[in-house]
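**Q** Line by line, the protein sequences give chains X and E.
Here the first sequence is numbered in my numbering, starting from 2 and rising by one per residue.
Here the second sequence is numbered in my numbering, starting from 18 and rising by one per residue.
Every residue gets a Cβ at the ideal spot worked out from N, C-alpha and C, and that includes glycine.
All figures in this text were calculated on a predicted structure; none of them were measured in a lab.
Below are the structure tokens for one structure; questions will follow.
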Amino acid sequence: MLEAVPVEYYLVLSAAVFCIGLFGVLTRRNALMFLMSVELMLNAANINLVAFALYWGELTGQVFVLFTMSLAAAEVAIGIGIILVLYRNYDDVDVTDATTMRW
Amino acid sequence: MFAWFFQFAPAIAVLPFVSFLLALVAGRWLPRKGALAGILATGGSLLLSLGVLAAVVSGHTHEQTLYTFVDAQETFSLTFGILLDQLSAAMLVIVSLIAFLVHVFSLGYMNAEGEPGLPRYYAGLGLFSASMLAFVFADNLLMAFVFFELVGLCSWLLIGHWFRDPAPASAAKKAFLVTRFGDYFFLVGVVAVLVTFGTAQFAGADGFPALAAEAIDAGESFFGLSAEAWVSVIGLLVLGGVIGKSAQFPLHTWLPDAMQGPTPVSALIHAATMVAAGVYLVARMYGFYLLSPTVLGIIAFVGGFTALFAATMGVVKNELKQVLAYSTISQYGYMMLALGAGSYVAAFFHLTTHAIFKALLFLGAGAVIVAMHHDEDMWLMGGLREHMRVTYLTFLAGSLALAGIFPFAGFWSKDEVLFDTLVVGLEQPLLLVAYLMALAAVFVTAFYTIRMVLLTFHGDPRTDVAESPHAVGLSIKAPLVVLGVLAVVAGAINLVPVEKLTGLRVSFLSSFLGSDRGLLTHNAHYVDLRTEYAGYETGAIVSEPVTVLLGVALGFGLAIAGAVAAFLLYRDADPVRHTERLGSIHTLLVHNYYQDEYQVWLAEGLSLRTARAADTFDQGVIDGAVNATSSVSLLSGDRIRRVQTGVVTNYAALVVLGLLALLVGFALYGGWF
Numbered sequence: 002m003l004e005a006v007p008v009e010y011y012l013v014l015s016a017a018v019f020c021i022g023l024f025g026v027l028t029r030r031n032a033l034m035f036l037m038s039v040e041l042m043l044n045a046a047n048i049n050l051v052a053f054a055l056y057w058g059e060l061t062g063q064v065f066v067l068f069t070m071s072l073a074a075a076e077v078a079i080g081i082g083i084i085l086v087l088y089r090n091y092d093d094v095d096v097t098d099a100t101t102m103r104w
Numbered sequence: 018m019f020a021w022f023f024q025f026a027p028a029i030a031v032l033p034f035v036s037f038l039l040a041l042v043a044g045r046w047l048p049r050k051g052a053l054a055g056i057l058a059t060g061g062s063l064l065l066s067l068g069v070l071a072a073v074v075s076g077h078t079h080e081q082t083l084y085t086f087v088d089a090q091e092t093f094s095l096t097f098g099i100l101l102d103q104l105s106a107a108m109l110v111i112v113s114l115i116a117f118l119v120h121v122f123s124l125g126y127m128n129a130e131g132e133p134g135l136p137r138y139y140a141g142l143g144l145f146s147a148s149m150l151a152f153v154f155a156d157n158l159l160m161a162f163v164f165f166e167l168v169g170l171c172s173w174l175l176i177g178h179w180f181r182d183p184a185p186a187s188a189a190k191k192a193f194l195v196t197r198f199g200d201y202f203f204l205v206g207v208v209a210v211l212v213t214f215g216t217a218q219f220a221g222a223d224g225f226p227a228l229a230a231e232a233i234d235a236g237e238s239f240f241g242l243s244a245e246a247w248v249s250v251i252g253l254l255v256l257g258g259v260i261g262k263s264a265q266f267p268l269h270t271w272l273p274d275a276m277q278g279p280t281p282v283s284a285l286i287h288a289a290t291m292v293a294a295g296v297y298l299v300a301r302m303y304g305f306y307l308l309s310p311t312v313l314g315i316i317a318f319v320g321g322f323t324a325l326f327a328a329t330m331g332v333v334k335n336e337l338k339q340v341l342a343y344s345t346i347s348q349y350g351y352m353m354l355a356l357g358a359g360s361y362v363a364a365f366f367h368l369t370t371h372a373i374f375k376a377l378l379f380l381g382a383g384a385v386i387v388a389m390h391h392d393e394d395m396w397l398m399g400g401l402r403e404h405m406r407v408t409y410l411t412f413l414a415g416s417l418a419l420a421g422i423f424p425f426a427g428f429w430s431k432d433e434v435l436f437d438t439l440v441v442g443l444e445q446p447l448l449l450v451a452y453l454m455a456l457a458a459v460f461v462t463a464f465y466t467i468r469m470v471l472l473t474f475h476g477d478p479r480t481d482v483a484e485s486p487h488a489v490g491l492s493i494k495a496p497l498v499v500l501g502v503l504a505v506v507a508g509a510i511n512l513v514p515v516e517k518l519t520g521l522r523v524s525f526l527s528s529f530l531g532s533d534r535g536l537l538t539h540n541a542h543y544v545d546l547r548t549e550y551a552g553y554e555t556g557a558i559v560s561e562p563v564t565v566l567l568g569v570a571l572g573f574g575l576a577i578a579g580a581v582a583a584f585l586l587y588r589d590a591d592p593v594r595h596t597e598r599l600g601s602i603h604t605l606l607v608h609n610y611y612q613d614e615y616q617v618w619l620a621e622g623l624s625l626r627t628a629r630a631a632d633t634f635d636q637g638v639i640d641g642a643v644n645a646t647s648s649v650s651l652l653s654g655d656r657i658r659r660v661q662t663g664v665v666t667n668y669a670a671l672v673v674l675g676l677l678a679l680l681v682g683f684a685l686y687g688g689w690f
């Protein structure tokens, strides 16, 4: 039986992954990169859920992760669809080009 | 045996209403463009009214609620109903008789002359008759108000019949607006009556006049005023409508202009419908007016003043119908004077005889106008009696009645008005002043009436048209003859002076109106109220017979004097325009005492300027505050919406910043640091 890794390590990892995702969302202009960054942020949350499930010795968090993953898959399908439409309308996948819905 | 007529009483007003609908919808295809439908309908109304009058004479009365359109438990209900007592039964006969004769006359005046818009004309006449008849038998003040307004609407429609000319169109508007000005006060009065007494019924112990008397007896107070003062306020408010409709000073200015309408309409307006409505309203709620001596004094004084004031203007008019218009104003002044003096019977008596002889005079004038190819200037006439005997004789009968010459109808009624005012005036100085003005008006009335007759029918023809006038038909002559006979004999219904001097029971109208039918609308009740609340006492000079004789001598003497003066001045074959020698007075009279000018000044100089100032205040201050508030929102919204850049990255950044702000906020608040 391996010595259990303390839960704080998981939390730091999760925070780091989340911040990378957030950084990507805020700085990247490519919509595909955008989508990947969102995936990172979702998975950061998943890490948290699994870590606490292990910590408390309960399965609820792990079951929740399964839901999040299926949700993420659906989200990717929609996100790809949006990116395709974006490309069709603006001949590019740059998110800063699509600024017609504003004041 | 006549009481079964009561169940058909609503039909008195419904029949002319049906003729209105027929003429309106199918007038173009009806025989005579709707005239026959109108004649049949008003003829039917006349027969039913006579039946109702017979029933009332034989001792029955009828009060019935026909329709309740607001049924309230706590406050008051609004209803339509009919009240058939002595006053309304007699008035129904007068109105339907005049309406019937006017419809017949219109055949000769409108149809035979090929006037345009006949279906519209007969529709208007039908609605006019229907509204007036419904107004007359109304059993509550609200219903009376509704039909009072309908009468005003119909006058607008009919005065403006030839609306393509600017003058009739503007006269119709003026009649509508001036009477409406008075009606505003009436409307407020109706609301005040309903709110104060919870009922607007005229008759019975639970009618508002009786309730008002109880309130005064109990010393109640309403809205901080004593019951007496509040009754006076309501009385004055309703009087506003009366003064507008009955063309009393200062709201008389619409009536002479209303001569722009077709002459049969003038006859209807002046004799039986529109103008009579005002005086009738006071008589209808007379039990209420008698509770307030202040209002009675005002009514009497306005009446006496108007009688003289209008008569003086009639002296200088050159158009036949203008003279008659001012005589109408003046004669309604007499009725108001009688009402103000507490003499219900005299007022209604004069209303009756005036309806007959004024309808006669207007229809006679209509015949003259047809004969003269629609010229109204009396100076273009002259000598017409040679060519139109029937018109001349009947017109003369009407004129002598108007002038108050014995034994024509007008003499008896005017004498009774003057006598009743005199005996009250001997104790009340204000009424004596009103009496003296009315007495002076007798002279002036006789003068302008005889002047009118002489200029129109006597002397030599002054134009070619007057030499060979257009012949008038039977439909014109027949109504004239009926009214002419009545103008001679109608005084016989109430020979009060004869009764007072000889003791014969010949004052039929007095005993009819005086008999108690349990509705508290009979004259005996009014006499009690007059003594108890108005505090009127009657005096006599030496003794009653002497006073009667003196009154007759004064009234009749002045009438004869006026007639003789006019005869001496205008009897020549080619009369001179004597009135122009009056100089500046003539100018004043021709301009109607500048009443129109001053009312226009009130409207344009005063009201318009006040309205402009109010508009400036509204636009500047009220709207300014609203606009300032909204401009703050507009400006800030315009700035803040620029946050919406459309760049999704910016939104993400804002979400993150918001999250951070929340975290920091919770952290500080939750005490993590």
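Using the Cα positions of residue 323 of chain E and residue 266 of chain E, report the straight-line distance between them to the nearest angstrom.
**A** For the purposes of this step, residue 323 of chain E is taken as residue 306 along the second sequence, with counting starting at 1. For the purposes of this step, residue 266 of chain E is taken as residue 249 along the second sequence, with counting starting at 1. Their backbone Cα atoms lie some 6 angstroms apart in a straight line.
**Q** Using the beta-carbon count (16 or more within 10 Å), is residue 564 of chain E buried or exposed?
**A** Residue numbering aside, residue 564 of chain E sits at position 547 when the second sequence is read from its first letter. Counting Cβ neighbours within 10 Å, residue 564 of chain E comes out buried, since at least 16 surround it.
**Q** Could you check if residue 108 of chain E belongs to the surroundings of the ligand GTP, using beta carbon to heavy atom distance under 7 angstroms?
**A** Among the components of this structure there are no ligands whatsoever, and the ligand GTP is therefore not found.
**Q** Using a C-beta to C-beta distance shorter than 7 angstroms, which residues of chain X count as neighbours of residue 670 of chain E?
**A** On the second sequence, residue 670 of chain E is found 653 positions in, with the first residue counted as 1. Those are 27, listed as they occur along chain X.
**Q** Judging by CA-CA distance, which residue of E/116, E/364, E/628 and E/395 is the nearest neighbour of residue 286 of chain E?
**A** For the purposes of this step, residue 286 of chain E is taken as the residue at position 269 of the second sequence. Considering only alpha carbons, the answer is E/116.
**Q** Can you have a look at residue 175 of chain E and say buried or exposed, based on whether 16 or more other CB atoms are within 10 angstroms of its CB?
**A** The residue given as residue 175 of chain E occupies position 158 in the second sequence. So residue 175 of chain E ends up on the buried side.
**Q** How big is the Cα-Cα spacing for residue 249 of chain E and residue 526 of chain E?
**A** The sequence position of residue 249 of chain E within the second sequence is 232, counting from 1. The sequence position of residue 526 of chain E within the second sequence is 509, counting from 1. Going by the C-alpha atoms only, they are around 29 angstroms apart.
**Q** When the Cα atoms are used, what is the spatial distance from residue 221 of chain E to residue 229 of chain E?
**A** Indexing the second sequence from 1 puts residue 221 of chain E at position 204. Indexing the second sequence from 1 puts residue 229 of chain E at position 212. So the two alpha carbons sit approximately 12 angstroms from each other.
**Q** In three-state terms, what does DSSP make of residue 86 of chain E?
**A** Translated into the one-based positions of the second sequence, residue 86 of chain E becomes position 69. Correct three-state label for residue 86 of chain E: strand.
**Q** Would residue 538 of chain E be called buried (16 or more neighbouring beta carbons within 10 Å of its own) or exposed?
**A** As a first step, residue 538 of chain E must be located in the second sequence, where it is residue number 521. With 16 or more Cβ atoms within 10 Å of its Cβ, residue 538 of chain E is classed as buried.
**Q** May I ask you to list, following chain order, the residues of the stretch 656-684 of chain E that have a beta carbon less than 8 angstroms from some beta carbon of chain X?
**A** Result list: 658, 659, 661, 662, 663, 664, 665, 666, 669, 670 and 673.
**Q** Hey, out of E/160, E/333, E/244 and E/128, whose CA is closest to residue 594 of chain E's CA?
**A** Along the second sequence, one-based indexing puts residue 594 of chain E at 577. That would be E/333, whose Cα lies nearest to the Cα of residue 594 of chain E.
**Q** Checking contacts by CB at 8 angstroms: is residue 23 of chain X closer than that to chain E?
**A** For this step, residue 23 of chain X is matched to residue 22 along the first sequence. Yes - at least one Cβ of chain E is within 8 angstroms of the one on residue 23 of chain X.
**Q** I'd like the span of the alpha helix (DSSP H) that includes residue 268 of chain E, first residue to last.
**A** Counted from its first residue, the second sequence places residue 268 of chain E at position 251. Where residue 268 of chain E is concerned, there is no enclosing alpha helix (DSSP H), given that its DSSP letter is neither H nor E.
**Q** Could you tell me which chain E residues have their CB closer than 9 angstroms to the CB of residue 102 of chain X, listed as they occur along the chain?
**A** Taking the first residue of the first sequence as position 1, residue 102 of chain X is located at position 101. Simply 661 and 663.
**Q** Provide the residue span of the beta strand (DSSP E) that contains residue 99 of chain E, from first to last.
**A** The residue labelled residue 99 of chain E in the question sits at position 82 within the second sequence. Counting along the chain, the beta strand (DSSP E) containing residue 99 of chain E begins and ends at 95-101.
**Q** Let me know if residue 69 of chain E comes out buried or exposed under the rule of 16 or more other beta-carbons within 10 Å of its beta-carbon.
**A** Along the second sequence, read from residue 1 onward, the residue named residue 69 of chain E stands at position 52. So residue 69 of chain E counts as buried.
**Q** With a threshold of 8 angstroms between beta carbons, is residue 96 of chain X in contact with chain E?
**A** Walking along the first sequence from the start, residue 96 of chain X turns up at place 95. Yes, its Cβ sits closer than 8 angstroms to a Cβ of chain E.
**Q** Tell whether a beta-carbon distance below 8 angstroms holds between residue 397 of chain E and residue 327 of chain E.
**A** Residue 397 of chain E sits at position 380 when you count from the first residue of the second sequence. Residue 327 of chain E sits at position 310 when you count from the first residue of the second sequence. The answer is no: Cβ separation not under 8 angstroms.
**Q** Determine which residues share a DSSP beta bridge with residue 80 of chain E and list them.
**A** Numbered from its first residue, the second sequence carries residue 80 of chain E at position 63. Looking at the DSSP assignment, residue 80 of chain E forms a beta bridge with E/100.
**Q** For residue 495 of chain E, collect the residues of the same chain with a Cβ closer than 8 angstroms to its Cβ; drop the 5 residues on either side in sequence, then sort them by chain order.
**A** The count along the second sequence starts at 1 and reaches residue 495 of chain E at position 478. Closer than 8 angstroms at the Cβ level, and outside the excluded window around residue 495 of chain E, lie 121.
**Q** Using the Cα positions of residue 253 of chain E and residue 209 of chain E, report the straight-line distance between them to the nearest angstrom.
**A** Here residue 253 of chain E refers to the residue found at position 236 of the second sequence. Here residue 209 of chain E refers to the residue found at position 192 of the second sequence. Spanning the two alpha carbons is a distance of roughly 11 angstroms.
**Q** Can you confirm whether residue 689 of chain E, when its beta carbon is compared against all beta carbons of chain X, has any partner nearer than 8 angstroms?
**A** Reading the second sequence from its first residue, position 672 is the one you call residue 689 of chain E. Taking Cβ atoms only, chain X never reaches closer than 8 angstroms to residue 689 of chain E, which makes this a no.
**Q** Do residue 385 of chain E and residue 401 of chain E have their beta-carbon atoms positioned less than 8 angstroms apart in this structure?
**A** Position 384 of the second sequence, counted from the first residue, corresponds to residue 401 of chain E. Position 368 of the second sequence, counted from the first residue, corresponds to residue 385 of chain E. In contact: residue 401 of chain E and residue 385 of chain E (Cβ atoms closer than 8 angstroms).
**Q** With a threshold of 6 angstroms on Cβ separation, who are the neighbours of residue 179 of chain E within its own chain once the five nearest residues in sequence on each side are excluded?
**A** Here residue 179 of chain E refers to the residue found at position 162 when the second sequence is read from its first residue. Here the set comprises 185.
**Q** Do you know how far the Cα of residue 69 of chain X is from the Cα of residue 5 of chain X?
**A** Taking the first residue of the first sequence as 1, we reach residue 5 of chain X at position 4. Taking the first residue of the first sequence as 1, we reach residue 69 of chain X at position 68. Rounded to whole angstroms, the separation of the alpha carbons of residue 69 of chain X and residue 5 of chain X is 25 angstroms.
**Q** By the 10 Å Cβ neighbour count, where 16 or more other Cβ atoms means buried, how is residue 2 of chain X classified, buried or exposed?
**A** The residue given as residue 2 of chain X occupies position 1 in the first sequence. Any reading at residue 2 of chain X must be qualified, since the residue scores a pLDDT of 44, below 50, and its modelled position is unreliable; no value is offered.
**Q** So, using beta-carbon positions, are residue 77 of chain X and residue 32 of chain X closer together than 8 angstroms?
**A** If you number the first sequence from 1, residue 77 of chain X lands on position 76. If you number the first sequence from 1, residue 32 of chain X lands on position 31. Going by C-beta atoms, residue 77 of chain X is not nearer than 8 angstroms to residue 32 of chain X.
**Q** Report yes if the CB atom of residue 99 of chain E is closer than 8 angstroms to the CB atom of residue 156 of chain E, and no otherwise.
**A** For the purposes of this step, residue 99 of chain E is taken as the residue at position 82 of the second sequence. For the purposes of this step, residue 156 of chain E is taken as the residue at position 139 of the second sequence. Cβ atoms of residue 99 of chain E and residue 156 of chain E: closer than 8 angstroms.
**Q** Please name the residue, chosen from E/188, E/405 and E/204, that lies closest to residue 257 of chain E on a Cα-to-Cα basis.
**A** Taking the second sequence and counting its residues from 1, one reaches residue 257 of chain E at position 240. Checked all of E/188, E/405 and E/204; the closest Cα to residue 257 of chain E is E/204.
**Q** What residue does the alpha helix (DSSP H) around residue 308 of chain E start on, and which one ends it?
**A** Working through the second sequence from its first residue, we reach residue 308 of chain E at position 291. Run containing residue 308 of chain E: none; DSSP gives neither H nor E here.
**Q** Excluding sequence positions up to five away, which residues of its chain have a Cβ less than 8 angstroms from the Cβ of residue 522 of chain E?
**A** Within the second sequence, residue 522 of chain E is the residue found at index 505, counting from 1. Same-chain partners within the cutoff: 516 and 528.
**Q** Rounded to whole angstroms, what's the CA-CA distance from residue 387 of chain E to residue 336 of chain E? Just pull it up for me.
**A** Position 370 of the second sequence, counted from the start, is the residue given in the question as residue 387 of chain E. Position 319 of the second sequence, counted from the start, is the residue given in the question as residue 336 of chain E. Rounded to whole angstroms, residue 387 of chain E to residue 336 of chain E spans 14 angstroms at the Cα level.
**Q** Could you compute how far the alpha carbon of residue 541 of chain E sits from the alpha carbon of residue 473 of chain E?
**A** As a position in the second sequence, residue 541 of chain E is number 524, starting the count at 1. As a position in the second sequence, residue 473 of chain E is number 456, starting the count at 1. One C-alpha to the other measures close to 45 angstroms.
**Q** If you check the beta carbons only, do residue 102 of chain E and residue 536 of chain E fall under 8 angstroms apart?
**A** Position 85 of the second sequence holds residue 102 of chain E. Position 519 of the second sequence holds residue 536 of chain E. Against a cut-off of 8 angstroms, the Cβ pair of residue 536 of chain E and residue 102 of chain E comes out as a contact.
**Q** Would you grab the beta carbon distance between residue 177 of chain E and residue 189 of chain E for me? Rounded to a whole angstrom, and I think it's under 8 angstroms.
**A** Taking the second sequence and counting its residues from 1, one reaches residue 177 of chain E at position 160. Taking the second sequence and counting its residues from 1, one reaches residue 189 of chain E at position 172. Residue 177 of chain E to residue 189 of chain E, Cβ: 3 angstroms. Contact.
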